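Residue numbers (this note's numbering), protein chains in the order written: chain A, 93 to 241; chain B, 93 to 241.
Data first, discussion second: the structure below is written as structure tokens.
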DNA sequence: GCCTGATTGCAACAGGGTTGCATTTGCGGC
DNA sequence: GCCGCAAATGCAACCCTGTTGCAATCAGGC
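Here it is, written out as structure tokens:
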């Protein structure tokens, strides 16, 4: 896990040939502090609370676009069809294994022991990610597991 | 594969304790003819072309809701975050293998040869579905594959 | 310190999906 | 076959997520 000092973040931006701007630093810092992938809305909220005040909606989208484009961040869809953003360095640690999506509470659990198989694709197709999603009920929500209802 | 005559479809609705209405029959028929999961927009188009004329946008959403609720249909998210609807009976045939989600056009392609592994879960967890999603660009959207741009 | 292209902020828009409400319709009971 | 009522339909209006156009501002190479 790298150090997420402002200087480190600025260096990351420079290394990615992207201009170092205050909004980008703030978004990076926010993402680096997040425990999990955040939606645009969640980021907007957190930025509004932090010092420096709110960030324009559209600017936030474009900052995120630039982070995606330079490879520092990635996005996935959550169960509602909303994009969630996270740092590539964090995501990398989750790429190899499967995830359990609880259909009741929406929680996500890592299944480290379930590893993604190699994709076998028809010619012309290009794979970027392979994701195994197991859906069902987690410990807390299954009648077997514990606190049902 | 069951017979998709109007009578059969009506019987399915009755069996699911749902009123038999013209919109529901038309939507069911359309879904039963579809080769793959359709978006709301695609369904709307097809219904507008068929005899009986267009169906109200909202009505279509509510018809789909009722089909979801009674278990006749299911929905999944495509790579763009748009819902795609399909008959449960058809979906069952796709449960075992992986699917390719094109990140550009949202299209879904079956990867029959990629089979879902058995889920190994922590105790207390209950699995209902295991889904392997390969994301990337399909033949039509990848620069390698064909009609790029 | 200056210049220029990239970035920001604002306004307006687009698509997918939902809600409220009046009207119509399926269908069980008579 | 007719009646009544809950369920379903259609229309209008709305919300949320994400995008586009454009003028003003700023980063950073010179």
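By construction, the Cβ of each residue, glycine as well, lies at the ideal position given by its N, Cα and C atoms.
None of the values given here were measured: they were computed from a predicted structure.
The criterion of a C-beta distance shorter than 9 Å is satisfied by residue 190 (chain B) and residue 202 (chain B).
Comparing alpha-carbon positions, the option among B:209, B:171, B:175 and B:228 lying closest to residue 187 (chain B) turns out to be B:209. Residues of the same chain with their beta carbon placed closer than 8 Å to that of residue 107 (chain A) are lacking, with the five preceding and five following residues left out of the count.
By the neighbour-count criterion, in which 16 or more other beta carbons inside 10 Å mark a residue as buried, residue 100 (chain B) falls on the exposed side.
Distance from the CA atom of residue 141 (chain B) to the CA atom of residue 157 (chain A), rounded to whole angstroms, is 38 Å. At a beta-carbon threshold of 7 Å, none of the residues of chain A lie near residue 134 (chain B); the nearest stands roughly 16 Å away. Your pair residue 152 (chain A) and residue 119 (chain A) checks out as a contact, with CB atoms roughly 7 Å apart and the cut at 8 Å.
With a 10 Å radius around the Cβ and a threshold of 16 neighbouring Cβ atoms, residue 211 (chain B) comes out buried.
Within the DSSP secondary-structure output, residue 193 (chain B) pairs in a beta bridge with B:200 and B:227. Rounded to whole angstroms, the gap between the alpha carbons of residue 130 (chain A) and residue 224 (chain B) is 23 Å. For residue 205 (chain A), the C-beta contacts it makes with chain B under 7 Å involve 212, in order along the chain.
Scanning A:144, A:143 and A:149 for the CA closest to the CA of residue 134 (chain A) turns up A:149.
Flagged as an interface residue toward chain B: residue 220 (chain A), by a C-beta distance shorter than 9 Å. For residue 177 (chain A), not one C-beta of chain B is nearer than 9 Å to its own C-beta. Listed along the chain, the chain B residues whose CB falls inside 8 Å of the CB of residue 120 (chain A) amount to none; the nearest CB is some 24 Å away.
For residue 200 (chain B), not one C-beta of chain A is nearer than 9 Å to its own C-beta. Taking a beta-carbon distance threshold of 9 Å, residue 112 (chain B) does not count as an interface residue toward chain A. If you check the CB distance, residue 96 (chain A) and residue 125 (chain A) come in under 9 Å. Taking all protein chains shown into account, residue 104 (chain B) has 16 or more neighbouring C-beta atoms within 10 Å of its C-beta and is therefore buried. DSSP places residue 174 (chain A) in the coil class of the three-state scheme, outside both helix and strand. Beta-bridge annotation (DSSP): residue 219 (chain A) is paired with B:228. For residue 171 (chain A), the number of other beta carbons within 10 angstroms of its own is below 16, and it is reported as exposed.
In the DSSP annotation of this structure, the continuous segment of the beta strand (DSSP E) that includes residue 168 (chain B) starts and ends at 165-169.
In the DSSP annotation of this structure, the continuous segment of the alpha helix (DSSP H) that includes residue 133 (chain B) starts and ends at 132-141. When secondary structure is reduced to three states using DSSP, residue 179 (chain B) falls in the strand class. Residue range 114-125 is occupied by the alpha helix (DSSP H) that includes residue 122 (chain B).
According to the DSSP assignment, residue 151 (chain A) belongs to the alpha helix (DSSP H) that extends over 149-161. One Cα belongs to residue 136 (chain A), the other to residue 180 (chain A), and the distance between them is close to 20 Å.
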